[in-house]
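There are 2 protein chains.
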Amino acid sequence: MSGPESRDVTIYDVASECGVAPSTVSRALSQPGRVSARTSQRVHEVARRLGYRSAPLARHVPEQRTGTLAMIVSDVGNPVYAPMVRGAEEAAATAGYTLVLCDVVESAVRERQLLDQLAPNVDGLVLATSRLSDAAIRMVARRRPMVTMNRVTQQVPSILPDNEHGMCQAVEYLAGLGHRRLIHVAGPAGSWAAATRWRALRDAAASAGMRVRRIGPYPPTVAGGQESAAAITEELRPERAASNRRAADRAGPRPDRATALVTYNDLQAIGLIQALSRQGVRVPAEVSVVGWDNILGSDWCVPALTTVAAPLLDLGAAAVRHLLAVTAGRAVPAAPIVLPTRLLVRDSTGPVSAAPVRLEPVRLGVASSPVMDRAVQ
Amino acid sequence: MSGPESRDVTIYDVASECGVAPSTVSRALSQPGRVSARTSQRVHEVARRLGYRSAPLARHVPEQRTGTLAMIVSDVGNPVYAPMVRGAEEAAATAGYTLVLCDVVESAVRERQLLDQLAPNVDGLVLATSRLSDAAIRMVARRRPMVTMNRVTQQVPSILPDNEHGMCQAVEYLAGLGHRRLIHVAGPAGSWAAATRWRALRDAAASAGMRVRRIGPYPPTVAGGQESAAAITEELRPERAASNRRAADRAGPRPDRATALVTYNDLQAIGLIQALSRQGVRVPAEVSVVGWDNILGSDWCVPALTTVAAPLLDLGAAAVRHLLAVTAGRAVPAAPIVLPTRLLVRDSTGPVSAAPVRLEPVRLGVASSPVMDRAVQ
DNA sequence: AGAGTATGAGAAACCGGTTCCTGACGCCAA
DNA sequence: TTGGCGTCAGGAACCGGTTTCTCATACTCT
Numbered sequence: 054m055s056g057p058e059s060r061d062v063t064i065y066d067v068a069s070e071c072g073v074a075p076s077t078v079s080r081a082l083s084q085p086g087r088v089s090a091r092t093s094q095r096v097h098e099v100a101r102r103l104g105y106r107s108a109p110l111a112r113h114v115p116e117q118r119t120g121t122l123a124m125i126v127s128d129v130g131n132p133v134y135a136p137m138v139r140g141a142e143e144a145a146a147t148a149g150y151t152l153v154l155c156d157v158v159e160s161a162v163r164e165r166q167l168l169d170q171l172a173p174n175v176d177g178l179v180l181a182t183s184r185l186s187d188a189a190i191r192m193v194a195r196r197r198p199m200v201t202m203n204r205v206t207q208q209v210p211s212i213l214p215d216n217e218h219g220m221c222q223a224v225e226y227l228a229g230l231g232h233r234r235l236i237h238v239a240g241p242a243g244s245w246a247a248a249t250r251w252r253a254l255r256d257a258a259a260s261a262g263m264r265v266r267r268i269g270p271y272p273p274t275v276a277g278g279q280e281s282a283a284a285i286t287e288e289l290r291p292e293r294a295a296s297n298r299r300a301a302d303r304a305g306p307r308p309d310r311a312t313a314l315v316t317y318n319d320l321q322a323i324g325l326i327q328a329l330s331r332q333g334v335r336v337p338a339e340v341s342v343v344g345w346d347n348i349l350g351s352d353w354c355v356p357a358l359t360t361v362a363a364p365l366l367d368l369g370a371a372a373v374r375h376l377l378a379v380t381a382g383r384a385v386p387a388a389p390i391v392l393p394t395r396l397l398v399r400d401s402t403g404p405v406s407a408a409p410v411r412l413e414p415v416r417l418g419v420a421s422s423p424v425m426d427r428a429v430q
Numbered sequence: 054m055s056g057p058e059s060r061d062v063t064i065y066d067v068a069s070e071c072g073v074a075p076s077t078v079s080r081a082l083s084q085p086g087r088v089s090a091r092t093s094q095r096v097h098e099v100a101r102r103l104g105y106r107s108a109p110l111a112r113h114v115p116e117q118r119t120g121t122l123a124m125i126v127s128d129v130g131n132p133v134y135a136p137m138v139r140g141a142e143e144a145a146a147t148a149g150y151t152l153v154l155c156d157v158v159e160s161a162v163r164e165r166q167l168l169d170q171l172a173p174n175v176d177g178l179v180l181a182t183s184r185l186s187d188a189a190i191r192m193v194a195r196r197r198p199m200v201t202m203n204r205v206t207q208q209v210p211s212i213l214p215d216n217e218h219g220m221c222q223a224v225e226y227l228a229g230l231g232h233r234r235l236i237h238v239a240g241p242a243g244s245w246a247a248a249t250r251w252r253a254l255r256d257a258a259a260s261a262g263m264r265v266r267r268i269g270p271y272p273p274t275v276a277g278g279q280e281s282a283a284a285i286t287e288e289l290r291p292e293r294a295a296s297n298r299r300a301a302d303r304a305g306p307r308p309d310r311a312t313a314l315v316t317y318n319d320l321q322a323i324g325l326i327q328a329l330s331r332q333g334v335r336v337p338a339e340v341s342v343v344g345w346d347n348i349l350g351s352d353w354c355v356p357a358l359t360t361v362a363a364p365l366l367d368l369g370a371a372a373v374r375h376l377l378a379v380t381a382g383r384a385v386p387a388a389p390i391v392l393p394t395r396l397l398v399r400d401s402t403g404p405v406s407a408a409p410v411r412l413e414p415v416r417l418g419v420a421s422s423p424v425m426d427r428a429v430q
């Protein structure tokens, strides 16, 4: 039916078939009212008959706009992005834009390459948790309208969850449960969000009169959380840790045993809880765990995760709306837009037990007793 | 420093600054060796100094290619896509292409629009679980190279997991545990994959001498799975169901109580187990549940999900490699490419208990006793 | 030294749209 | 009847690259 599939139909084909000038076809198709009703109708009919489809590539050359926005994420596998993308997509669609998504696989090099390739092809960019340097971000931002998420860079508009208040919520809640010593499982090394969340936690803990130590950095993944469990077990079982350390370092068991763990994100928290459970550490009986994000699945892990819920959908939508404002040349606030967080209390946190729990011996890499398994898994 | 940010630097700017013709600049930048070393070096240096960035939009007009592939997914929020996207991305990057991802939010209308907008802008399309009609798919496929995933359409190349064998694996395993009656929680109505998986399950069950009923359709989400729980509870508790039904329908409890549930996908299975647990139905003691996909999180739900693992990463990679073959004009096999599945046995399945479990009264919407909660949640 | 060839670079066409400029035609009023 | 104005459509330039064609120059060979 379609034959040898020669080449796309152009406005020139339509024009000659119609007996009008190409410019008339262009007007008829893209500027309703700018051409007489009769001509317009004839052009439309011929275009339909010939199966004309506009070639946006060519169209965009003179127009200098593509109708496309790009969002760059560090890892599509991280469920945290799904709602952000959804929110961004809806905002973009509402404004008549198409959102494309690109994954840089946690690599700054790839991110830079992608940006160079993408930037000229889109009307604007959303950088979700970028790994680039501030200088690199500013350089790209000079070429194309851009907003960052979860990242503050001078002169570049940004959208953030309220890291400070979120951590305050977590800390106040833990304080109310009697916790006094925390451990923070840190996010990846070069990450602005990781640094900011740590700072926020530290400050919140300080004003609550709590002590907090940081371990890490760890990747923002389930595997990263599992990895951190080794270090944490050491913390929680000082008597055991001593044998792994030079005895001269500290004498006797540590007095400052942490009772609550705050991770950089939910994925880490889930991996951490998994690994702790496997080692016989009971959550929340022996130690409470608080995550961050409220990803899909944070409610079906066991125990269900207490977490600081970031307004992911809104973050995505706000980012795109903001970006479109920049694109339209409207003045944008210099200060970051900060969206509120919400503490979601579930089952991974509990009061500090009056008497320190007597810990069982650790059996690394081996699931503990069947009874234990039933209970925790 | 950057001034009023006039307009992008073009090869014409570079040319006049260099004192050479624009065509020379073009050659120097894109056809190494086609220009003398001295000129080339000078052009490169001026280009760098002026901050020249090629405008791919303009470049692609005569070239008729964009170096971009698009992948359309029905819902980025479904974790099943993450590995597929990752696989596709890696295959695309290896071949020097950029992959962009678009979400159609489970809407056929939006999918069609997007396709029309996207098709002319990319060199090829991957449709992951499309909701379009066969005719619509073929129409788009005629305009642009395309492959479908999880969907077979005449004349359009496709990549699939081995639905038939996957269901056989599940059925054989369940048969080995003593199960004889199954219920299938069906996927969404218009979905090829849903229809195919149901057919595969029915056939597999038939050859194993098992009975299987289908309920649904339900959305392929956690909410969909939760929804299905109501109908399933009715199945599992005929004595209770009878009160909801006209008593004349059937006399006494049903003899054909199902002992195993097979869902369309993991998300449904997880929602289903959640809802069942909340109603006091114990998994796998009272009923076994088998999912499909092996998504992230299917191992941290409780009980950890037994599931048919689709080779998601490979599916994505194979789709792109196949698409590039089509793009390059190489002949492609007419038959779908089928990738093997693997049954992942975890904790949501178990042997049929010798004596039918005595069921507790249902308390809808209310969590059962604390002891129960500890055990199942 | 003169003729032939290879090499480098400029001019111009092209890709497929959009848009500015211009002119033709028709209608209305004076 | 003529002048003026508004509507509609054609011609051509333009967007920023690529590519073909052509020509000038330099180098080689006899």
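Read top to bottom, the protein sequences are chains G and X.
By the count of this note's numbering, the first sequence reaches residue 430 at its end, each step adding exactly one.
By the count of this note's numbering, the second sequence reaches residue 430 at its end, each step adding exactly one.
Note that the Cβ used here is the ideal one computed from N, Cα and C, for glycine as well.
Specify, as a first and last residue, the run of the alpha helix (DSSP H) that residue i falls within.
i	result
X:T286	V275 to L289
X:I64	I64 to C71
X:A249	Inspection of the sequence shows that residue 249 of chain X is occupied by Thr rather than by Ala. First-last of the alpha helix (DSSP H) with X:T249: W245 to S260.
X:E159	Element bounds for X:E159: n/a, residue is neither H nor E.
G:A239	Premise fails: G:A239 is in no alpha helix (DSSP H) and is neither H nor E.
G:V114	P109 to E116
So residue i contacts chain G; which residues on that side make the cut at Cβ distance below 8 Å?
i	result
X:T380	Within chain G, no residue comes near X:T380; the closest Cβ sits about 14 Å away, beyond 8 Å.
X:P136	G130
X:L349	G130, P132, V275 and G350
X:T182	Within 8 Å Cβ-Cβ: nothing; X:T182 doesn't reach chain G, min ~16 Å.
X:H375	Within chain G, no residue comes near X:H375; the closest Cβ sits about 19 Å away, beyond 8 Å.
Under 7 Å Cβ-Cβ, which residues of chain X neighbour residue i?
i	result
G:I323	W353
G:T359	Result: empty, since nearest Cβ-Cβ is about 14 Å, beyond 7 Å.
G:V114	L110, A111 and V114
Taking a contact to mean a Cβ-Cβ separation below 8 Å, would you say residue i touches residue j in this structure?
i	j	result
G:D215	G:P393	yes
G:H375	G:I212	yes
G:P173	X:L254	no
G:M36	G:L178	One cannot answer for residue 36 of chain G here, as it falls past the ends of chain G, which runs 54 to 430.
G:G382	G:Q321	no
G:T359	G:D176	no
X:R399	X:A362	no
Following the continuous beta strand (DSSP E) through residue i, name the residue where it begins and the one where it ends.
i	result
G:T312	From DSSP, G:T312 is part of no beta strand (DSSP E); its letter is neither H nor E.
G:V126	T121 to V126
X:T432	Given a span of 54 to 430 for chain X in the structure shown, any question on residue 432 of chain X remains unanswerable.
X:R266	R264 to I268
G:T461	Absent from the model: residue 461 of chain G. The displayed extent of chain G is 54 to 430, so no value can be given.
G:A395	A quick correction: the sequence has Arg, not Ala, at residue 395 of chain G. Run containing G:R395: R395 to L397, per the beta strand (DSSP E) assignment.
Using a cut-off of 7 Å between C-beta atoms, extract the partners of residue i located in chain G.
i	result
X:Q327	W353
X:E280	In chain order: nothing, as chain G lies at least about 16 Å away.
What does residue i reach in chain X if we use C-beta pairs closer than 9 Å?
i	result
G:L440	Nothing about residue 440 of chain G can be reported from this structure: the residues present for chain G run from 54 to 430 only.
G:G369	Those do not exist, as G:G369 stays about 11 Å from chain X at its closest Cβ, beyond 9 Å.
Counting only Cβ pairs nearer than 8 Å, list the residues of chain X close to residue i.
i	result
G:R196	D61 and R106
G:R139	V129, G130, D156 and V158
Closer than 7 Å to a non-hydrogen atom of the ligand HEM - does that hold for the CB of residue i?
i	result
G:M137	The ligand HEM is not part of this structure, which contains no ligands at all.
Strictly below 9 Å CB to CB, what residues from chain G border residue i?
i	result
X:T119	L110 and N174
At 3 residues or longer, what runs of the beta strand (DSSP E) sit wholly inside the stretch 169-233 of chain X?
177-181, 199-202 and 211-214
Only counting runs of 4 or more residues, tell me where the alpha helix (DSSP H) segments fall wholly within the stretch 314-391 of chain G, in order along the chain.
319-331 and 365-380
Do the stretch 217-227 of chain G and the stretch 340-347 of chain G meet, that is, are 3 or more Cβ pairs less than 8 Å apart?
yes
Does the stretch 264-279 of chain G come close enough to the stretch 315-326 of chain G to have 3 or more Cβ pairs within less than 8 Å?
yes
Do three or more CB pairs link the stretch 89-100 of chain G to the stretch 78-94 of chain X at distances below 8 Å?
no
Cβ contact (3+ pairs, closer than 8 Å) linking the stretch 114-126 of chain G and the stretch 137-147 of chain G
yes
Say whether the stretch 353-366 of chain G touches the stretch 353-370 of chain X, bearing in mind that this needs 3 or more beta-carbon pairs closer than 8 Å, one atom from each stretch.
yes
List in chain order: all unbroken alpha helix (DSSP H) runs of 4+ residues lying wholly within the stretch 69-101 of chain G.
75-83
Would the stretch 325-344 of chain G count as touching the stretch 385-404 of chain G if we require 3 or more Cβ pairs under 8 Å?
yes
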